[in-house]
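A.B. asks:
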Amino acid sequence: MAKSKQKFIPTVSVIVPMYNVEDYIAECLQSLLNQTLENIEVIVVDDCSTDNSVAIVKAFLPKFEGRLNLMRMGKNSGYPGPPRNTALGATKGEYIYFLDSDDFIDKTALEDLYKVAKEFDADVVHVEKYFPFAEADNMRDYEAHSFQEGGFVDKPTLETFDIGQRVIDFTQKKYLWWGCNKLLRRKMLVDNKIKFPQMTSFEDLVFAYMCLISAKNYVRVPFVSYYYRVRKNSLSHDARSVVEVIANMTKAIAALDDFMIHRKFFIDNPKIRYSMIEFFTQWRLDATVKFNFYSGGPNLEELFVMYYDGVFSKKPGENAALTTWLFVATNLYKLHIQNLEKQVAELKEQLAKFQTKEENVN
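Pasting the structure below:
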């Protein structure tokens, strides 16, 4: 009697959202094919690509011997969140790992992370640094970078169990806010109903925060194994309108608050909940207002109209405080710019007087 084929149960499910990356997807998949952790599954979710990306993935199917699954979105979503969420429902692995389709990882990346996860019984294994490289960089002289600001570890380190301290550290930018720098226990994601929110920016930050406050054992590691391709036309570098940015900010604030509001810790510690919302709001609005003034963006009157039409008038009761903050911040930057212009004019006047004196002496 022939033996029945043993059912394949992966240790790690790798999720790869894909859209028009025919020049990069092969390198991404090859890095997964080369993994020293063999018991993995790969789920590629195509977001309605119009180039040769799908054909390239199909060519890899035999190489993965049943461990590669190609899924297709019914319509283009325009950003990675929906494809990632779609794949999450199809995963079987004990752990989940997200990899963008134009990036790749070291061959020992998943094995190294999985060993740490098992050693610490971790819900999250958090990688602090990555290797960026330019799209046309053939030399690839990699140097590790991070968006974190200090507090790096030199060995696998279990984070504090104090949720309040984790929130403080998050607001001080001591965590890399990516979806692609973590090995995540699938059960934690399912039990806490963690998915990427429906927005075109900030979805990684919200997702990372949800994982941070949901995980029991959260481990940071010094490994650098993720290679991040810097592309001018990628979604992460796409310049978006003020209205879209503000709209996504309101969605992010709502998603953050909705996730915290029913949790006992934040019910008992409302100030910590508010501190997170305040941090995110001020951080992003500050950056938005600065960008518009220093990049030759809309003038003050246009910004007022955008803020009012794009934020306040949509849901007056919910957005009144946010709109007020925008108006105040805009006026403050207006005064700041005017003061800078005054200082420049004074310096020019002093320089002219000095040049006149020099000419008279000569």
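According to this note's numbering, the sequence shown is numbered sequentially starting from -16. Every residue gets a Cβ at the ideal spot worked out from N, C-alpha and C, and that includes glycine. Computed from a predicted structure; not experimentally measured.
Between which two residues does the alpha helix (DSSP H) harbouring Phe47 extend?
C.D. replies: 36 to 47
A.B. asks: Is the segment 199 to 213 close to the segment 230 to 243, with three or more CB pairs under 8 angstroms?
C.D. replies: no
A.B. asks: Quick one: using the 10 Å Cβ neighbour count with 16 as the cut-off for buried, is Gln131 buried or exposed?
C.D. replies: Gln131 is buried by the Cβ-count criterion.
A.B. asks: Quick check on the DSSP output: the beta strand (DSSP E) that includes Val213 runs from which residue to which?
C.D. replies: 209 to 213
A.B. asks: Quick one: is Asp145 buried, meaning 16 or more other Cβ sit within 10 Å of its Cβ, or exposed?
C.D. replies: exposed
A.B. asks: With respect to the beta strand (DSSP E) encompassing Glu24, which residues constitute its N-terminal and C-terminal limits?
C.D. replies: 23 to 29
A.B. asks: If you draw a straight line from the C-alpha of Gly49 to the C-alpha of Phe190, how long is it?
C.D. replies: Rounded to whole angstroms, Gly49 to Phe190 spans 30 angstroms at the Cα level.
A.B. asks: Per DSSP, which residues does Ala117 bridge with? Please list them.
C.D. replies: Val213
A.B. asks: Figure out for me which residue from Lys325, Glu77, Asn200 has the closest Cα to the Cα of Ile(-8).
C.D. replies: Glu77
A.B. asks: Count the other CB atoms, across all protein chains shown, that sit within 10 Å of the CB of Tyr125; report buried if there are 16 or more and exposed otherwise.
C.D. replies: So Tyr125 counts as exposed.
A.B. asks: So, for Asn252: in the same chain, excluding its five sequence neighbours on each side, which residues have a beta-carbon less than 7 angstroms away from its beta-carbon?
C.D. replies: Gly147
A.B. asks: If the criterion is Cβ atoms closer than 9 angstroms, does the pair Thr183 and Glu142 meet it?
C.D. replies: Pairing Thr183 with Glu142 gives a Cβ-Cβ distance that is not under 9 angstroms.
A.B. asks: Whole-angstrom Cβ separation of Asn3 and Ser36, contact assumed at under 8 angstroms?
C.D. replies: 6 angstroms
A.B. asks: Please look up how many angstroms separate the CB atoms of Val99 and Pro139, rounded, as I've assumed it's under 8 angstroms.
C.D. replies: 5 angstroms
A.B. asks: Report the CB separation of Leu53 from Asp86 in whole angstroms; it is logged as a contact under 8 angstroms.
C.D. replies: The pair is not a contact, with the Cβ atoms about 18 angstroms apart (cut-off 8 angstroms).
A.B. asks: Taking the CB atoms as reference points, tell me whether Phe262 and Leu195 lie closer together than 9 angstroms.
C.D. replies: no
A.B. asks: Please state whether DSSP places Phe67 in a helix, a strand or coil.
C.D. replies: Note that residue 67 is Arg in the sequence shown here, rather than Phe. Arg67: helix per DSSP, three-state reduction.
A.B. asks: Using the Cα positions of Phe43 and Ser84, report the straight-line distance between them to the nearest angstrom.
C.D. replies: 14 angstroms
A.B. asks: Of the residues Gly162, Pro205, Asn175, Leu172, which one's Cα is nearest the Cα of Phe185?
C.D. replies: Residue Gly162 is the option with its Cα nearest to Phe185.
A.B. asks: Within the same chain, show all residues whose beta-carbon is closer than 7 angstroms to that of Phe81, passing over the 5 residues directly before and after it, in chain order.
C.D. replies: For Phe81, where only same-chain residues beyond five positions count, the Cβ hits under 7 angstroms are Ile(-2), Arg67, Gly162, Cys163.
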